[in-house]
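**Student:** Numbering of the sequence shown is given in my numbering, commencing with residue 17 and proceeding in unit increments.
Quick reminder that beta carbons are idealized off the backbone N, C-alpha and C, glycines included.
None of the values given here were measured: they were computed from a predicted structure.
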Amino acid sequence: MSVKKLLWVVLLAACISQPAESRAILKTRFFAADDARIQFAGRIDFADAKRPRFWAAGVYLTVRFQGPSCEVDMADEVKDGTSHNYLEIVLDGVRARQQLIGKANTLVVAKGLGKGPHILVICKDTEALIGYLEFTGLRCANLLPPLPRPARRIEFIGNSITSAMGADMAAIPCHTGLWYDQHNAYMGYGPRTARALNTEWQLTSESGIGLMHSCCDKTNLMPQEFGTLDLRIGKQPWNFSRYQPDVVTICLGQNDGVQDSVQFCGAYLDFLKTLRTDYPRARLMCLTSPMADDRLTAVLRRYLSGVVAAAKAGGEANVSSFFFARRYTGGCDARPSLAEQGLIADELTAYLKTTLHW
Numbered sequence: 017m018s019v020k021k022l023l024w025v026v027l028l029a030a031c032i033s034q035p036a037e038s039r040a041i042l043k044t045r046f047f048a049a050d051d052a053r054i055q056f057a058g059r060i061d062f063a064d065a066k067r068p069r070f071w072a073a074g075v076y077l078t079v080r081f082q083g084p085s086c087e088v089d090m091a092d093e094v095k096d097g098t099s100h101n102y103l104e105i106v107l108d109g110v111r112a113r114q115q116l117i118g119k120a121n122t123l124v125v126a127k128g129l130g131k132g133p134h135i136l137v138i139c140k141d142t143e144a145l146i147g148y149l150e151f152t153g154l155r156c157a158n159l160l161p162p163l164p165r166p167a168r169r170i171e172f173i174g175n176s177i178t179s180a181m182g183a184d185m186a187a188i189p190c191h192t193g194l195w196y197d198q199h200n201a202y203m204g205y206g207p208r209t210a211r212a213l214n215t216e217w218q219l220t221s222e223s224g225i226g227l228m229h230s231c232c233d234k235t236n237l238m239p240q241e242f243g244t245l246d247l248r249i250g251k252q253p254w255n256f257s258r259y260q261p262d263v264v265t266i267c268l269g270q271n272d273g274v275q276d277s278v279q280f281c282g283a284y285l286d287f288l289k290t291l292r293t294d295y296p297r298a299r300l301m302c303l304t305s306p307m308a309d310d311r312l313t314a315v316l317r318r319y320l321s322g323v324v325a326a327a328k329a330g331g332e333a334n335v336s337s338f339f340f341a342r343r344y345t346g347g348c349d350a351r352p353s354l355a356e357q358g359l360i361a362d363e364l365t366a367y368l369k370t371t372l373h374w
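Here it is, written out as structure tokens:
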């Protein structure tokens, strides 16, 4: 027998002796984004089910898969030709943060693993201002049925603090790179609170946004953007039946600054009425700003106490306020750092557990 034939026999014998299950698990397949085993959470446009599109920070998807490797296909809008979104990739509980580099991206999120099963979470770390993402599918050996969704849901409404802007300085220090390089929505106080309570989360937040006055020459306000899919005034409406939270937290006021009490409280009460229309059963919680200075904190405490009292006097029973115990300013431009986002989450988690007995 020639050497060539001998090598062929050895290779063939190796393949035959390998269990069929092992051979199959090494062969990857493509699973499109419309596969029912892929779980999505957040404001997402499913008009094209094979290319679900999403804008907001904190939108995430979860999959369970088998096999040693996994690749994810993600398209980036590349807004204005220069913006590149960041993702949080969480594989079996281990986090990695990655910035996309082009319009079409294939991300190797796992390799060299055991058979599994494995749990993969992909979360949009950057906000709508950086543009949309489109998830088109993934490659792995086998996709498994998802775990049951959490029984409870929370929505976190807010500004740059809720988007976790300026929080993650591990790779790029403050005031270097681009303004959004330190975003890390997955590790913001909202998702961390939700994970501590085993709830789904949704972030409705934008840097610079206010209730009646936004910063940085913005003309849009949260009450105007709240009803949209892409957090843009006059754009695609959001279908609120897709996500009915048990709790809604409102963390606004930092960009408003100290405003006239009648105007601010009136605008806040109007927004609570909007929320109640969209969410008939949710608990509404009005939060102070965790980065506010002493003057603004005192004003917000007084105003929110008045807002809650007025709402209850008007027949709204399922509303409350929560005041953060301290100021968190260790991140970029006196925003909360990543560690402080965890402390904010600790405060809010404890309050929710006590108040709702979760």
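For Y102, which beta-bridge partners are listed by DSSP?
**Tutor:** Q115
**Student:** Please report the distance separating the alpha-carbon of P164 from that of E143.
**Tutor:** 27 Å
**Student:** At the level of alpha carbons, what is the spacing between R248 and A73?
**Tutor:** When rounded, the separation of the alpha-carbon atoms in R248 and A73 is 14 Å.
**Student:** Determine the DSSP secondary structure at Q357, reduced to helix, strand or coil.
**Tutor:** helix
**Student:** Could you give the uninterrupted runs of the beta strand (DSSP E) lying entirely in the stretch 66 to 90, keeping only those of 3 residues or more?
**Tutor:** 76 to 82
**Student:** Going by Cα to Cα distance, which pick from P68, N200, R155 is closest to A112?
**Tutor:** N200
**Student:** Could you work out which residue in Y202, S176, L194 is closest to V137 when comparing CA atoms only?
**Tutor:** With distances taken between CA atoms, V137 lies nearest to Y202 out of Y202, S176, L194.
**Student:** Would you check if the distance between the CB atom of D246 and the CB atom of Q252 is smaller than 8 Å?
**Tutor:** yes
**Student:** Mapping the DSSP letters down to three states, classify D108 as helix, strand or coil.
**Tutor:** Note: D108 maps to coil in three-state DSSP.
**Student:** For F46, which option in F70, T78, V88 has the closest C-alpha, if you only look at C-alpha atoms?
**Tutor:** V88
**Student:** Let me make sure I understand the geometry here. Which of N121, K119, A48, T44 has the alpha-carbon closest to that of P84?
**Tutor:** T44
**Student:** Determine the direct distance from the alpha carbon of P261 to that of L268, and round the result to whole angstroms.
**Tutor:** Spanning the two alpha carbons is a distance of roughly 19 Å.
**Student:** Going by alpha carbons, who is nearest to V75 out of C156, K66, E216, T122?
**Tutor:** E216
**Student:** If we count the other Cβ atoms within 10 Å of its Cβ and call it buried at 16 or more, is E356 buried or exposed?
**Tutor:** buried
**Student:** Using 8 Å as the threshold, is the C-beta distance between M181 and S230 below it?
**Tutor:** no
**Student:** How far does the alpha helix (DSSP H) with R318 in it reach, from first residue to last?
**Tutor:** 310 to 329
**Student:** Opposite V264 in the DSSP bridges: which residues?
**Tutor:** E171, L300
**Student:** How big is the Cα-Cα spacing for T265 and L288?
**Tutor:** 11 Å
**Student:** With a threshold of 16 other CB atoms inside 10 Å of the CB of T304, please say whether the residue is buried or exposed.
**Tutor:** buried
**Student:** Alpha carbons only, please: which of A57, R80, A48, T78 is nearest the one belonging to A65?
**Tutor:** A48
**Student:** Can you tell me whether K95 is helix, strand or coil according to DSSP?
**Tutor:** helix
**Student:** Compute the Euclidean distance between the alpha carbons of Y319 and G273, then round it to the nearest angstrom.
**Tutor:** 12 Å
**Student:** DSSP state of D50, grouped into three classes?
**Tutor:** In the three-state DSSP reduction, D50 falls in the coil class, being neither helix nor strand.
**Student:** Determine the direct distance from the alpha carbon of L160 to that of P189, and round the result to whole angstroms.
**Tutor:** 39 Å
**Student:** Around the Cβ of K380, are there at least 16 other Cβ atoms within 10 angstroms (buried) or fewer (exposed)?
**Tutor:** Residue 380 lies beyond the range of the chain shown here (17 to 374); nothing can be said about it.
**Student:** Exposed or buried, which one is S176 when buried takes at least 16 other CB atoms within 10 Å?
**Tutor:** buried
**Student:** My guess is that L316 and A308 are in contact by the Cβ rule of under 8 Å, so how many angstroms apart are they, rounded?
**Tutor:** A Cβ-Cβ distance of about 6 Å is found for the pair L316 and A308, placing them in contact under the 8 Å criterion.
**Student:** Can you tell me the Cβ-Cβ gap for A91 and A120, rounded? I've got them flagged as a contact below 8 Å.
**Tutor:** About 6 Å separates the two Cβ atoms, so the contact holds.
**Student:** Does DSSP classify A212 as helix, strand or coil?
**Tutor:** helix
**Student:** Closer than 8 Å, CB to CB, is L219 near chain D or not?
**Tutor:** Note that chain D does not occur in the displayed structure, where there is just one protein chain.
**Student:** Skipping 5 residues on each side, what residues in its chain have a beta carbon closer than 6 Å to that of G346?
**Tutor:** S353, E356
**Student:** What does a CB cutoff of less than 7 Å around D108 pick up in its chain, not counting 5 residues either side in sequence?
**Tutor:** Closer than 7 Å at the Cβ level, and outside the excluded window around D108, lie H134, I135.
**Student:** For K369, collect the residues of the same chain with a Cβ closer than 6 Å to its Cβ; drop the 5 residues on either side in sequence, then sort them by chain order.
**Tutor:** Shown here for K369: not one same chain residue has a beta carbon closer than 6 Å to its own, the five before and five after excluded.
**Student:** To which residues of the same chain is I146 closer than 7 Å at the C-beta, ignoring the five residues directly before and after it?
**Tutor:** K95, S99, N101, Y196
**Student:** List the endpoints of the continuous beta strand (DSSP E) containing G153.
**Tutor:** 149 to 156 is the extent of the beta strand (DSSP E) around G153.
**Student:** Among residues of its own chain, excluding the 5 on either side of D294, which ones have a beta-carbon nearer than 7 Å to its beta-carbon?
**Tutor:** F256
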